[in-house]
Structure formats: C-alpha cells, structure tokens
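> Before I ask anything, here is the structure I am working with.
Number of protein chains: 2
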Amino acid sequence: MATPPKPPRRNNADPESTRREILQAALEVLAKDGPESLSVAEVARRAGVNRGTAYQHFPTREDLAHATAEWVSERIYDEFYGDLETLSSVNEVYPADLAVERLSDFAMNNPELSRAWLFDVMSTQGTVTDKFWKKYVQELGAFAKSGYGREDMDVEVLAFITLSSSLLWPIWVGAHAKSAKARDKMQKRFVDEMLRLVLFGSLVPEKHPDLVKRFRDDGE
Amino acid sequence: MATPPKPPRRNNADPESTRREILQAALEVLAKDGPESLSVAEVARRAGVNRGTAYQHFPTREDLAHATAEWVSERIYDEFYGDLETLSSVNEVYPADLAVERLSDFAMNNPELSRAWLFDVMSTQGTVTDKFWKKYVQELGAFAKSGYGREDMDVEVLAFITLSSSLLWPIWVGAHAKSAKARDKMQKRFVDEMLRLVLFGSLVPEKHPDLVKRFRDDGE
DNA sequence: GATGTAGTAAACAGCATTGTTGACTATAGC
DNA sequence: GCTATAGTCAACAATGCTGTTTACTACATC
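Shown next as structure tokens:
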C-alpha cells in the first residue's frame, strides 16, 4: 500500500526557526487586521504550522500577541538601524536629506512592519518602551545639537510627526496608487515635501509677524 | 403574580435615534478594537439595544461596518467644520496658528473619532472619498494660494502630514500621559512644535546649501 | 378599535476560535 | 539503541458570533 505523501517535516533541531516563522506570520496577520483580531488559528495556518505547535510556543493568544509586539519592535529596529550601526562612526551626523529618504524608503518597502508598528502605537496602553522610537529620538536629538538642526525644536514632537507620517504614508498611498511607478512618484512627492517642510516651513514668515514674534520671544 | 420590572422601552416613534445610538456604539467599538473586530453583538450590547434590533437596521455585519465608516466620516466633518461654515465668510482665510490649534484641540477632545478615522484610513482599500479629507485639502490649498502660505508646497502631502500626526498625537499621548494637566502640556508641546515647524522648518539652511540649491532649482 | 411600525426576547443552526489532551513520528545526541 | 525534543494529527468541550425566525409588546396614527 502506497504511503500517502508525507508533508515535509520541518527541522525540529531548530525550534527557533519555527518560532520565528510563527512570529512572522503573526506580524503579517497583525498588519492586516490589527491586534484585536489576531487569532492563533490563522497565524498557524499562515505559518504552515500545526496549531498545536503554535500553542507549544505561545501558551495563550495573549502570549502570542505580546511576543508579536516585541518581535515587531525588534524587527523594525534591526531592519532600519541594523546595517547602519556598522556603517556610520559614532560622532558622524547622518545627513538630513538621506535620513528622510531612508525612512521613507524603509516605510515604502516594509508596509507590513510599518502598519504593525502603527497598530501597536495606537493600541498600547501605558508607556511605550520601544527601541526603535528611542533610537530615532536620540538620533534626531544629536542632529539638533550638531548645528545642522535648529536648537529650539521639540525633538520628541518632531520625531513623532516625521516618524508617524512617514510610516503611515505608504499605507495611505497603497490605497490610492496601484502601479509601481505611481507609488514611486508618491514616495518622491512625500520625500520632497517633507524636505521642503523641514527646510523652509510652510508659512510665509513676513505674513505672520505676530507668530514670528511669539517664537522669537519664547526663544529668549 | 408580580410582573418582573420591565426594562425601559426606547421610543419607537423615533427609529432614527436608535440607529444613531447603534452607530455611535459602533464608532466606539471601532475606535477601541479596529474595523476587523467590530461585532454586531458587542455593538448591540454597548448601545443597550437588542441584537435583533441592530440586525433590523443593518442586515449584516458588513453593512454595519460600512455604515459606521460613513458615520465616522460625517461626524468628523460636522464636528470639525460644522460650526465653522456659519462663522467664516467665504473669502476669508483662517489664520494658520488658529487652524493648527483648532485641529489639535479637536483631536484631543475627540480621540475616539480620530482613532476611528485613522483606522478607516489604514484599512480602506481603494480611493478614499472622504468629505473631511477633501475639505481639509481644499482649505490648505486656498491658504497656499492666498499669499500667507508658500506656493511651492505640495498641498496634499502637507495636508496628510499635518492631519495624520495631529489626529494620532492624542492617541500616542493618551498612552503616555495620564493626568489632564499632563495631557494639556503635551498638546501645547504639539501645537508649538507644529507651528514652529511650519514657520521655520527644522534645519539650519546655511548648513544645507546643497539642499537649498536643489529646491531653488526645482522651483524655477 | 384596527393596523403598521419599532423594538424585545428567545431559540436555533452553522461556524470559528480557544485551550487541552493523547497518540504518534522524526531527529539529534548520548 | 535509548531518550528527550519538536512537531504532527485528531478529537474534544466551551464559548462567541452570525444570521434567521417566531412570538410578543408598546406605541402612534388612522
């Protein structure tokens, strides 16, 4: 009697890889539907893993959800800062235009990670201790103090504005523009406008004397 | 035999109010868990309405979801632009600082609407035909052309940056700061930084001659 | 008073998900 | 070859949601 073709067994010598595959699948589900509708069953299906296996790694749905949140944080940090750490020396400041473009590139090429991260931000109750966020703020702070950036800026707020809009933009764009060319164009528009904004602002200062005065006064 | 105390019946002469209550509850659920985990059962519970009633108004879960998305769009438009339409004359440009502050105020006081709207933006496949978004872009465009704003800006992108970060900020802040005072302070920080950004930008132009040149060349 | 509308209450089948458990298999290391 | 680990497969009860249906109640209007 012919034995039915056995499904390929995964290498049980490397449980970590299984765990990673589950987490990766969980990340995809999270990016698609949000954290509240993350189900162990769908994650297992998507990972090509038996549901029982998933429950061996993550005893409850909540455990999986929390582990996935951490995984997202790790992944986004590694993807964005991982290869950068080896490249740049410590005291060198990353050029502003390259930083803006790099972040936008990253977001465009990793919409799932971006989305998952945003979902996380939107649902976290309590303090966010996010490696990626902290590093981003720190880099921006260093930039502000380096003389290249205006010293009077509120680093955390500016970090939030640039980071959130950069990560959200591809999602917004993905819904509008379908072709690769159209998406490239949309990315260029975003980078250009963001650079224009951080270079010159959006208001004509001569037309807003009171506002200018207010900030001049605050600054001294 | 004592009849058990009957639950108060709602006014069946006004089915519209029931519909609104269901939609309001749906909005709250949407803001809490995202669109994928919106359930008729929970919405009905939260609205204090029989599940059967909910199904009378919205035959399927999807119908409720779509109606809720529209409701969110209507509500956010009315809340933000509703009383403004009666106030401002047509050709008057709303001052930039007031506009920034007004949007931030709105977002701070309507975190649920903001959240629901953002969830919508994040999950919509296909073109977003949102009344609120269109009006916002239109107003910003008028501002750009009025002479108060820089004419070289990409209105849609700038609208996206300011709108998304303004609406997302209170959610981010809500997770960080608990007391009312702390939240007020965070709002002030956001408004100040946003104004500073649109007034002056964040870079020191003298330190970025190549960038300045690039934009000068592009502009002519 | 008759009729239609809006809502309540309760049951039902179908389905998916959650955790759990038990039997079984492949593999690595001792 | 034995054993522990990692994973598969299948069944199970409990729970919740969906959508439908039926009987019933309050109310307004004609």
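Protein chains in written order, with numbering that gives the first Met the number 0: chain A, 0 to 219; chain B, 0 to 219.
Built from N, CA and C at the ideal position, the CB exists for glycine as well.
Note that this is a predicted model, so its numbers are computed, not measured.
1) For residue 67 of chain A, tell me which candidate among A/40, A/44, A/18 has the shortest Cα-Cα distance.
2) Going by beta carbon distance, what residues of the same chain come within less than 8 Å of residue 60 of chain A, once the five residues before and after it are set aside?
3) Any beta carbon of chain B sitting closer than 8 Å to that of residue 202 of chain A?
4) Could you tell me how far apart the beta carbons of residue 71 of chain B and residue 112 of chain B are, in whole angstroms, since I believe they sit closer than 8 Å?
5) Quick one: list the residues of chain B neighbouring residue 147 of chain A, beta-carbon separation under 9 Å, in chain order.
6) Enumerated in chain order, which unbroken segments of the alpha helix (DSSP H) with a length of 4 residues or greater are wholly contained in the segment 14 to 93 of chain B?
7) Does at least one heavy atom of the ligand NAD sit under 7 Å from the Cβ of residue 26 of chain B?
8) Considering only the alpha carbon of each residue, which of B/172, B/152, B/102, B/64 lies closest to residue 33 of chain B?
9) Alpha carbon to alpha carbon, what distance is there between residue 195 of chain A and residue 204 of chain B?
10) Tell me, please, which residues DSSP counts as bridged to residue 148 of chain B.
11) For residue 211 of chain A, would you say it is in contact with chain B, using Cβ-to-Cβ distances shorter than 8 Å as the test?
12) Would you call the segment 100 to 108 of chain B in contact with the segment 166 to 185 of chain B, where contact means no fewer than 3 C-beta pairs closer than 8 Å?
13) Can you check which of these residues, B/49, B/45, B/73, B/43, is closest to residue 133 of chain B by C-alpha distance?
14) For a cutoff of 8 Å on Cβ pairs, would you count residue 38 of chain B as touching chain A?
15) Contact check, residue 42 of chain A vs residue 75 of chain A under 8 Å by CB: the rounded distance?
16) Would residue 183 of chain B be called buried (16 or more neighbouring beta carbons within 10 Å of its own) or exposed?
17) Alpha carbons only, please: which of B/128, B/212, B/31, B/168 is nearest the one belonging to residue 186 of chain B?
18) From the DSSP output, in three-state form, read off residue 108 of chain B for me.
19) Kindly say whether residue 43 of chain A, judged by its beta-carbon, lies nearer than 8 Å to any beta-carbon of chain B.
So, from the listed chains and residues:
1) A/18
2) 37, 38, 39
3) yes
4) 7 Å
5) 202, 203, 206, 207
6) 14 to 32, 39 to 46, 50 to 56, 60 to 86
7) The model on display carries no ligand, and the ligand NAD is accordingly not part of it.
8) B/64
9) 11 Å
10) A/202
11) yes
12) yes
13) B/73
14) no
15) At roughly 19 Å, the Cβ-Cβ gap does not stay under 8 Å, so residue 42 of chain A and residue 75 of chain A are not in contact.
16) exposed
17) B/168
18) helix
19) no
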